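Undergrad: The sequence shown maps to residues 973 to 1251 in this note's numbering.
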Amino acid sequence: MSKKKLLIHEVFRKAEEETGKKTKNGLAAYLWSYFDERFPNYITDKTLSRYYDTFIRDNEDRNIDSDILDKFSQYVGYMDFADFSSTFIKKDDEANKTTVKISVDEDEESLTEKLSKIIINITNEQHFKMPDLMKKNGLGIMEIGLLLCLVTGNVVFSNNKKMTPMGFMSSGNPAIEKKYMYWDGERYMATDSSYINPGIDIVAMNAHKFLHFKKIMRKDTLTEMNALGKTWYSKYNSGVEFFTDDGVDPETGRELRRATPLIIFKYAGKPQDSIEVQE
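1) As a quick exercise: from G1241, G1225, A1162, pick the residue whose alpha carbon is nearest that of K1191.
2) If you draw a straight line from the alpha carbon of F1185 to that of S1210, how long is it in whole angstroms?
3) Buried or exposed: Y1208, going by 16 or more other Cβ atoms within 10 Å of its Cβ?
4) Measuring alpha carbon to alpha carbon, tell me which residue in F1060, T1216, T1232 is nearest T991.
5) Would you call T1193 buried or exposed, if buried means 16 or more other Cβ atoms sit within 10 Å of its Cβ?
6) Which term fits V1127, buried or exposed, when burial requires 16 or more other beta carbons within 10 angstroms of its beta carbon?
7) Could you say which of I1061, V1175, D1218 lies nearest to D1156 if we only look at CA atoms?
8) Go ahead and pull the three-state DSSP assignment for I980.
9) Which term fits E1078, buried or exposed, when burial requires 16 or more other beta carbons within 10 angstroms of its beta carbon?
10) Since K1181 and G1219 are thought to touch, with beta carbons under 8 Å apart, how far apart are those beta carbons, to the nearest angstrom?
11) Residues in the same chain with beta-carbon distance under 8 Å from F1011, minus the five sequence neighbours each way, listed in chain order, please.
12) Go through its chain and collect everything with a Cβ distance to F1027's Cβ below 6 Å, but skip five positions before and after it.
13) Residue ranges of each alpha helix (DSSP H) run of no fewer than 4 residues wholly in the stretch 1152-1211, ordered along the chain?
14) How long is the line joining the alpha carbons of R969 and Y1024, rounded to whole angstroms?
15) Quick one: Cα of S1005 to Cα of S1166, how far?
16) When the Cα of E1196 is compared with those of E1032, I1236, E1158, which residue comes out closest?
17) Write down the C-beta distance between S1058 and D1052 rounded to the nearest angstrom, noting that I regard them as a contact closer than 8 Å.
18) For the putative contact between M1177 and K1150, defined by C-beta atoms under 8 Å, what is the C-beta separation to the nearest angstrom?
19) Out of curiosity, what's the CA-to-CA distance linking T1163 and Y1152?
20) Since K993 and V1048 should fall inside the 8 Å C-beta cutoff, what is the C-beta to C-beta distance between them, to a whole number of angstroms?
21) Give me, in chain order, the residues of the same chain whose beta-carbon lies closer than 8 Å to that of E1009; leave out the 5 immediate sequence neighbours on both sides.
22) Run the CB neighbour count on S1206, radius 10 Å, all protein chains shown included, and call it buried at 16 or more, exposed below.
23) Return the Cβ separation of F1056 and K1187 in integer angstroms, given the expectation that the two are a contact with Cβ distance under 8 Å.
24) Is it buried or exposed for G1201, if we count other Cβ within 10 angstroms and need 16 for buried?
25) Do A1147 and Y1050 come within 8 Å of each other at the CB atom, strictly closer than that value?
26) Over the uninterrupted alpha helix (DSSP H) stretch that includes T1019, give me the two end residues.
27) Sorted by chain position, which residues of the same chain lie with C-beta nearer than 8 Å to L1234's C-beta, five sequence neighbours on each side aside?
Right under this line is the structure:
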């Protein structure tokens, strides 16, 4: 799957998580509202629906302007499309899964039987057998043993630092490996710079806040069913903002409170004259 197609899948997956909507038009309308609020007249809901049809429904491809790809990448938490392309790791555990087998002296046993039922998941389109790898690289029994240690995470590197298990293949969100983060008005963005612009507060990276703390921009999508026990709010100058995790409002410094049915009913929820577009 191309990086562009992966990005479109991630954009609609994130929209579904944020709204609970399942339909193409419902998700496209939400995404249009999100981008139109920040970049007026930048993209239409019809264009977003066409992207859904091409990349998700029909599993095909089409050209997308590079600036749109950058903004889509920022929506899912990356600096731009280049950052997404170089660091994104698909979360689908079943994607391109391959069980590697080792053959020694013609006695072939699966790796799951050799190493306490551990399975190596190869997240690419290549398919290979270990004997071919051994022949091409001249690997012997000792080298294979070292490789297996790497797979099981038993090799550690100290160099006067805290010893840390190292896996043969690791996964995760590379953005949280950056040193700092800053609030962009909706979520925390990762950065390696301790200074960006005047008025932007740079704080140390907090993986939990980076991944889970966000402002809910579409309060009209909240209901008691999807928000109670899952949202917190900050009230300032008669205005109320909702967030996805507990903590402090980054813009006002006020302690957040858990949203109650009354708060959700009074300050969120869908306006009566709002009509959801259904497919």
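Beta carbons are placed, not taken as given, at the ideal position from N, Cα and C, and that holds for glycine.
Since we're looking at a predicted model, the values are computed, not measured.
TA: On the basis of the coordinates in this document:
1) G1241
2) 22 Å
3) exposed
4) T1216
5) buried
6) Unreliable placement is indicated for V1127, whose pLDDT of 41 sits below 50; no coordinate value is reported for it.
7) V1175
8) helix
9) Here E1078 scores only 43 on pLDDT, less than 50, and its place in the model should not be relied on; the value that follows carries that caveat. That one is exposed.
10) 7 Å
11) K1043
12) K977, I980
13) 1179-1184, 1196-1199
14) A query on residue 969 cannot be resolved here, the shown segment of the chain reaching from 973 to 1251 and no further.
15) 32 Å
16) I1236
17) Going by Cβ atoms, the distance from S1058 to D1052 rounds to 10 Å, so no, they are not a contact pair.
18) 6 Å
19) 5 Å
20) Going by Cβ atoms, the distance from K993 to V1048 rounds to 17 Å, so no, they are not a contact pair.
21) M1189
22) buried
23) Contact flag wrong, Cβ pair sits at about 22 Å.
24) exposed
25) yes
26) 1017-1023
27) none
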